[in-house]
Each structure stands twice: as structure tokens, then as C-alpha cells.
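Counting from 359, one number per residue, gives the positions in the sequence shown under the working numbering. Notes follow once the structure below has been shown.
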Amino acid sequence: MYDIFIAPFVEFSFMARGLFGALFLALSASAVGVFLVLRRMSLVADSMSHAILPGVALGFLMAGMSMGAMLIGGFLTGILVAVLAGVIARLTSLKEESSFAALYLISLGLGVILVSIRGTNMDLVHVLFGSVLTLDNFNLLTIMVMSSLSVIVLAIIYRPLILDCLDPVFLKAEGGGGHLTHVVFLLLLVTNLLAGFQVLGTLMVVGMMLLPAIAAKFLGKTLIQQLVIAVVLGMVSAYLGMVISFQVDLPASACIILTAGVLYIFALCFGSQGGLFRQLITKRKE
Numbered sequence: 359m360y361d362i363f364i365a366p367f368v369e370f371s372f373m374a375r376g377l378f379g380a381l382f383l384a385l386s387a388s389a390v391g392v393f394l395v396l397r398r399m400s401l402v403a404d405s406m407s408h409a410i411l412p413g414v415a416l417g418f419l420m421a422g423m424s425m426g427a428m429l430i431g432g433f434l435t436g437i438l439v440a441v442l443a444g445v446i447a448r449l450t451s452l453k454e455e456s457s458f459a460a461l462y463l464i465s466l467g468l469g470v471i472l473v474s475i476r477g478t479n480m481d482l483v484h485v486l487f488g489s490v491l492t493l494d495n496f497n498l499l500t501i502m503v504m505s506s507l508s509v510i511v512l513a514i515i516y517r518p519l520i521l522d523c524l525d526p527v528f529l530k531a532e533g534g535g536g537h538l539t540h541v542v543f544l545l546l547l548v549t550n551l552l553a554g555f556q557v558l559g560t561l562m563v564v565g566m567m568l569l570p571a572i573a574a575k576f577l578g579k580t581l582i583q584q585l586v587i588a589v590v591l592g593m594v595s596a597y598l599g600m601v602i603s604f605q606v607d608l609p610a611s612a613c614i615i616l617t618a619g620v621l622y623i624f625a626l627c628f629g630s631q632g633g634l635f636r637q638l639i640t641k642r643k644e
């Protein structure tokens, strides 16, 4: 058991760095994911994960595999797409979700082309699917700082965020600033996507946000319970995914997301809050 579950992280520093990076990402991304599900913004999260790709690619073109350059580029394009989606939604009859979908498709195509201009296929795979096992100390520290700040900001806006979801009229009456809360939450979303692209890549980082959060809805009755369960499931997915990746020599990012997917399926089937088997038992009793 020691050789399987503990030894890889003790004997290999790259495994330890990868695990810490994935755990910190799970801490913040899973918590943000709970509010994404609550606000019915799952499509927005998926769109934003693709929207940061052109900025990441521009950073790559200018400075190679520089974490700082790619983070700045991704942050700027993420904000640009969010602003454009909001403007289009306000000036036309198109809903914001549809605007995000259109812009993310454009961003994805542009990002792939930009990476391909200078990089190799391996560089493109690294950006799209991440490379958690190549984290250095600077990258790990960056992820830890971004995740920690996300948790702090989420705690600060916790109450207005809930009110904005459940009773936006009351929030405006109280002077809570629903629009500002929405903007700050979008910034949190972009921050977590950027923190996670090095670990899971721009295509799969949203899985760490949504899969634990959706699974938590079937397991937790209250919002606090769902937050705690989502974070725990995210961390378990990160740890078991890393272990499986090391033992069977498969891509770590895919193993992490597939582990989260298995936990989601388990919660979907056996969850106490609307799981399939619970519904079946309830119907039989009736």
C-alpha cells in the first residue's frame, strides 16, 4: 500500500509538486464550481476555459513556456471575452450564454492557430491538456497564491453571491451591487481557469470545477455541505488521479478528470439528495 499510495510522492519531487498543485487547484476550483452550478453558469465556465486560449498562446509566442507571460495573456483575453459577451447580450437579443458560446468557438480556433505558428504538437498538447508533472517551484507557488486568493475573495463575497443567486432584487435594495458581484465572480472564474491550465490544460480545467460541484449536489443538503463535499471530492480526485497516472503510466490530467467523473457517477446513482437509486426506492414506497 505504501509503495502505491505514498512512495511516489516521497521519492519523486515532480510528483509531490504536481500533487500539491492539483490539491490547491481543487480547493478553490471546486468551491467556485458550486456557485457556477448554483448560478447555472456551467456553459459560461466551459466557454471561458476556451476563451483564455488565445491569450495563453500569445504569451507562449512572446516568451515560450513562461508561466507569467501566459497567465497575463490568458487573463486579458478572458476579461475581453467576458466584456464582449456582456456587451453583445445588452445590445442584441442574444443571451449572454449564447454570446459566450460563439466567442469561445472563435477563441479556440484562434488559440490553436497561434500555438501552431511557433510551437510543436507537444506544445499544443501541453497547453490544451496540461502537464501537472512538469510544475516547477515557481509554477507551484503561483498556483498556490492564486488559489488562496480565490478562496479569500470567495469568502468575502459569499453572502452577496448567494443573494444575487436567490434574491437579486433584495440585494439591489440593500445596496449590495449585484452587477459588481457578478463581475468579481467572473474574475474569480478566470483566475481559477488560469491557475488550472498548467495542471489540467485549458480544455479540461473546467472539469475540476464542475464535476465535484455537480456530484456534491447529490450528496449535500445545504450549500455549506455542498461546498465542503465538492472540495473533498476535488482533492480525492486529484490524489487518486495522480496515483493512477503514476502506476499505469497514463496522462495525469486525464486520470484526474476521469476519477472526478467516476465520483460524479457514483453520486448520481447513490446520492442521498435525488440520486437515481434514492428516487427509485421512493417511488416503490409510494
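The beta carbon of each residue, even a glycine, is placed where N, CA and C say it ideally should be.
I364 carries a coil assignment under DSSP once its states are collapsed to helix, strand and coil. Within the region 416-490, the complete alpha helix (DSSP H) segments at least 4 residues long are 425-449, 454-476 and 479-487, listed from N- to C-terminus.
S508 and G431 have their C-alpha atoms spaced approximately 19 Å apart.
Counted as a single uninterrupted DSSP element, the alpha helix (DSSP H) harbouring G592 occupies residues L581 to V606.
Scanning F367, A574, L552 and A618 for the CA closest to the CA of M425 turns up L552. Burial of Q556 is indicated by the presence of at least 16 other C-beta atoms within 10 angstroms of its C-beta. Residue burial is scored here from C-beta neighbours: Y360 has fewer than 16 other C-beta atoms within 10 angstroms and is therefore classed as exposed. Shortest Cα-Cα distance from G413 to any of R398, V503, L429 and G592 involves L429. Using a Cβ distance threshold of 8 Å, V390 and A409 do not count as a contacting pair. For I510, the enclosing alpha helix (DSSP H) begins and ends at N495 to I514. In this model, L411 and V470 are separated by some 8 Å (Cα to Cα). Excluding five sequence positions before and after F378, the CB atoms of its chain that fall closer than 7 Å to its own CB belong to L498, given in chain order.
For S611, the enclosing alpha helix (DSSP H) starts and ends at A610 to F628.
In this structure, DSSP gives F382 a helical state, which the three-state scheme calls helix. Approximately 18 Å separates the beta-carbon atoms of L394 and A596; this is outside 8 Å, ruling out the contact.
Below 8 Å, too few C-beta pairs join the region 595-615 and the region 514-525 to call them touching: fewer than three. Using a Cβ distance threshold of 8 Å, M566 and A427 do not count as a contacting pair.
In the DSSP assignment, L577 falls outside any alpha helix (DSSP H) and carries neither an H nor an E. Counting along the chain, the unbroken alpha helix (DSSP H) around M406 starts and ends at S400 to A409. Contact between A618 and L591 is confirmed by a C-beta separation of about 7 Å, below the 8 Å threshold.
Excluding its 5 nearest sequence neighbours in each direction, M593 has C-beta neighbours in its own chain below 6 Å: L381 and A384, listed in chain order. Its chain contains F628, G629 and S630 as the residues whose beta carbon lies nearer than 8 Å to that of R636, once the 5 sequence neighbours on both sides are disregarded; these appear in chain order.
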